[in-house]
Amino acid sequence: MTLRVGWLALLAFSLPFELKATWFSVGPVGVTNLECLLLPYILWAATAQRGLKLDRIAVAGLAWIATLTASSLLASQDHLASLRFTGRLATAVLVFLLARRDLTPRRARAWVLSALLGGGMAAALLGILETFRWADFTSWMHLFRDKIATVNGELRLTSSWQHANTAAGALELLAVLAGAEAFRLGLERRWDRAIAFASVTALLTSALFHTLSRGGMVAALSALVLVTLLTLRTADRGLRPRLLVMGLVMLAGPPLFALASNPILRGRLTRAEGPTHGVAYAVDSLAAATMGEELRLPVRLHNTRTFTWRRHAPHEVNLSYHLLDANQREVVFDGPRTPLPRDVRAGEDLVLSALVVAPKEEGDYVVLWDLVQEGVSWFSQMQNPSARTFLSVRGERERAAVSVASWARGRSAQRDPWPELKLVGRSTLWPLGVSYLCAQPLLGIGPDQFRHRYAETLPGEGYDPRLHANSLYIESLATTGLLGTAGLACWIGSIAAALVGRLRRPRGDLAAAGGLGLLTAYLVHGLLDCMLEPHAVSLTLALGLAASGLGDPGDVRTEGRA
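Here it is in structure tokens:
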């Protein structure tokens, strides 16, 4: 059993570091590095002497998975995608049901909690260093994520998680686990360790706030308030002032630090968001060159917004361009860089001698000037139109100069050379989810089908195929229907009832308070985001709940007041 707990601890530490590429495939199903740890544990624990116990919680969890499977098989489209989605959910349920038995001994729970928090702290520190631009990890972070997430061009903490919202979903749960452990140690009067875990909570909460996820912020603070109140209810009167101070520091310190250090966060919370990256160009409208010639053209830049253009890495700002031909086809997307000679603050101007490399074929072209924040985004993708220079390329400069004026006269190039994914808000997504529920009320349209169906329902093209309903409840109702949502509610309700029962004991188990905090964070965040699929979130929740004292009641050591 000790070896199995060690394997589980390795899995817990690895949760923030799931590679986006699969290691190998079993038929049409790809297996990631996390699943290479998950599947052996499930088989190992299920075949052990003390395997799966079919109590009320287990029956509710397995019934929910059975309902999801039925919905997948009856899905109107892509049964395989629905089954893959169901399989990821099923692994989290099975890990919870098996791990709660392995984590009955207090030492085993400590190992897995330490591993969970250790992996989360490592990822949070990487994210903080990157978000504050103290280090650049983009050269190897692409192994875990597709791109950096931004709000108006400002970095959102993503670290090694797939997306900033996934990071928020994991960090909020980890912060609640660390806070509950800090309170438990405070009740036992081990103040040095309690302060250490309170510091871990502050670090994780600070990282959470820099994801700029409003749902994650509200969820974490709500859960920590609940854990604080449950702890104060359990504690002796003499300990309550110290515990209250520790709780206030964990609740107030990280938000105040994040608000002071991140102006975009203040805008997100006050809904006073606006573009932070702004540039006005002054360029020559006509230019001529010979084939393959390198020429320098004057470009005047004016910083019209609040963001300072930094000239040093990481995420420095450079001047570049995109090149289109006379038929608006892209010739060069990622032009050569012209670096800034200094930082450019809000309201300042700068004149550059910008490098342009003419194509090696004769023709008429359009140079679309564009600033780029390296590793983040082009300014034209942040509500800043590109400036245009018409360029004639010929074998001789004299012929090019004659050609460019006649060709450019009356012409305009208004197409930017990339397809942008359309942003769809919750006010559109949620009514669509309700319409899918009304059409197929019992088992829904099939797990994971919302993100495929919504793009077909809305007019036009270019919708993001990764977008869920942005609500746990709307997504569940639309994709699994009333039966699937009732199964999810019964499973979560059975866990909550067991946790409340442990708290009502004469010397209530404070690990159960942490478990209730985890459920609170998950359900509150679920109002604004769908966190069903990511392993980093679902398995953090599963292992955190498993460590909340839900194993065999006869084997659990009751933790009470010191």
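Number 498 in the numbering used here belongs to position 414 of the sequence shown; there are no gaps in the numbering.
The beta-carbon is built from N, C-alpha and C at its ideal position, and this holds for glycine as well.
Spatially closest choice to residue i from the options, by CA coordinates
i      : options                        : result
Thr569 : Leu138, Thr116, Leu152, Gly90  : Leu152
Gly565 : Leu103, Ala159, Leu122         : Ala159
Ile126 : Trp91, Ile232, Ser290          : Trp91
Gly145 : Leu407, Arg510, Ala573         : Ala573
Ala371 : Ala364, Pro382, Tyr365, Val363 : Pro382
Leu507 : Ala304, Phe341, Leu556, Gly544 : Gly544
Val309 : Val441, Leu261, Arg277, Gly322 : Leu261
Glu32  : Arg395, Val113, Ala286, Thr242 : The first residue shown for the chain is 85 and the last is 646, placing residue 32 beyond what the model contains.
Phe474 : Thr175, Ala442, Trp514         : Ala442
Ala150 : Leu551, Pro531, His386         : Pro531
Ala129 : Leu258, Val333, Leu181         : Leu181
Thr392 : Gly300, Leu118, Leu434, Arg537 : Leu434
Leu178 : His536, Glu445, Leu138, Gly263 : Leu138
Asp593 : Ala264, Ala183, Ala147         : Ala264
Thr86  : Leu123, Ser109, Ala183         : Ala183
Thr388 : Met615, Trp107, Val363         : Val363
Pro325 : Gly337, Thr312, Pro100         : Thr312
Arg88  : Ser166, Gly114, Ala192         : Ala192
Val416 : Lys444, Ser437, Thr390         : Lys444
Pro425 : Gln412, Asn402, Leu567, Gly431 : Asn402
Ala199 : Leu239, Leu258, Ala605         : Leu258
Leu287 : Asp276, Ser244, Gly204         : Gly204
Gly509 : Glu377, Ala539, Trp107         : Ala539
Val196 : Leu634, Gly628, Gly633         : Gly628
Thr116 : Ala132, Leu314, Ser98          : Ser98
Ala337 : Thr106, Leu527, Thr285         : The sequence as given places Gly at residue 337; Ala does not occur at that position. For the residues Thr106, Leu527, Thr285, the minimum Cα distance to Gly337 belongs to Thr285.
Run of the beta strand (DSSP E) containing residue i, from where it starts to where it stops
i      : result
Ala176 : Unbroken run through Ala176 is the alpha helix (DSSP H), 163 to 186; no beta strand (DSSP E).
Asn117 : From DSSP, Asn117 is part of no beta strand (DSSP E) but of the alpha helix (DSSP H) over 117 to 130.
Leu474 : The question names Leu, yet the displayed sequence has Phe at residue 474. That run of the beta strand (DSSP E) goes 471 to 478.
Arg588 : From DSSP, Arg588 is part of no beta strand (DSSP E); its letter is neither H nor E.
Arg380 : 378 to 387
Gly447 : 447 to 457
Phe108 : 108 to 110
Thr374 : 370 to 374
Val460 : From DSSP, Val460 is part of no beta strand (DSSP E); its letter is neither H nor E.
Tyr365 : 363 to 367
CB-CB length for residue i against residue j, believed under 8 angstroms
i      : j      : result
His399 : Glu458 : 6 angstroms
Glu102 : Ala620 : 6 angstroms
Thr512 : Phe534 : That pair is no contact at about 12 angstroms.
Asp230 : Ala397 : Not a contact, Cβ separation roughly 21 angstroms.
Gly517 : Leu551 : About 12 angstroms separates the two Cβ atoms, so there is no contact after all.
Glu378 : Ala605 : Not quite, the Cβ-Cβ distance comes to about 56 angstroms (not below 8 angstroms), so this is no contact.
Leu385 : Tyr365 : 6 angstroms
Ala207 : Ser244 : 5 angstroms
Leu571 : Ala147 : According to the sequence shown, residue 571 is Gly rather than Leu. Indeed they touch by this definition, with Cβ atoms about 6 angstroms apart.
Min CB distance residue i to chain D below 7 angstroms
i      : result
Ala252 : In summary, chain D is missing from the structure at hand, where a single protein chain is found.
Continuous alpha helix (DSSP H) stretch holding residue i: start and end
i      : result
Pro515 : 510 to 523
Gly633 : No alpha helix (DSSP H) contains Gly633, which DSSP labels as neither H nor E.
Phe534 : 534 to 541
Ser297 : Neither: Ser297 is in no alpha helix (DSSP H) and is coded neither H nor E.
Val102 : The question names Val, but residue 102 is Glu in the sequence shown. Looking at the DSSP string, Glu102 is not in any alpha helix (DSSP H), and its letter there is neither H nor E.
Leu594 : 594 to 609
Leu551 : Segment: none, Leu551 is in no alpha helix (DSSP H) and carries neither H nor E.
Leu507 : Leu507 -> no alpha helix (DSSP H), and no H or E assigned at all.
Trp148 : 140 to 157
Val193 : According to the sequence shown, residue 193 is Arg rather than Val. Arg193 -> alpha helix (DSSP H) spans 190 to 215.
Contact test: residue i Cβ vs the ligand HEM heavy atom, cutoff 6 angstroms
i      : result
Ala605 : With respect to the ligand HEM, the structure offers nothing, as it holds no ligand at all.
- Examine the Cβ distances between the segment 515 to 524 and the segment 581 to 590 and report whether three or more of them are shorter than 8 angstroms. no
- Message: So, does the segment 223 to 233 touch the segment 153 to 173, judging by three or more C-beta pairs under 8 angstroms?
- Response: no
- Is the number of C-beta pairs between the segment 244 to 260 and the segment 295 to 302 that are closer than 8 angstroms three or more? yes
- Within the segment 392 to 434, note down every full beta strand (DSSP E) run reaching 3 residues or more, in order along the chain. 401 to 409, 414 to 416
- Message: Quick test of the definition: if touching needs 3 or more C-beta pairs under 8 angstroms, does the segment 252 to 271 touch the segment 317 to 335?
- Response: yes
- Query: Is there contact here, the segment 442 to 452 with the segment 406 to 424, by at least three beta-carbon pairs under 8 angstroms?
  - Reply: yes
- Query: What are the start and end residues of each continuous alpha helix (DSSP H) run of 4 or more residues lying completely inside the segment 222 to 278, in chain order?
  - Reply: 222 to 225, 248 to 271
- Touch test, the segment 556 to 563 against the segment 600 to 615, Cβ-Cβ under 8 angstroms, three pairs minimum: yes
- Message: With three or more beta-carbon pairs closer than 8 angstroms as the criterion, would you say the segment 598 to 605 touches the segment 284 to 292?
- Response: no
- Message: Quick check for students: name the residue ranges of the alpha helix (DSSP H) that lie wholly in the segment 312 to 352, counting only runs of 4 or more.
- Response: 324 to 345
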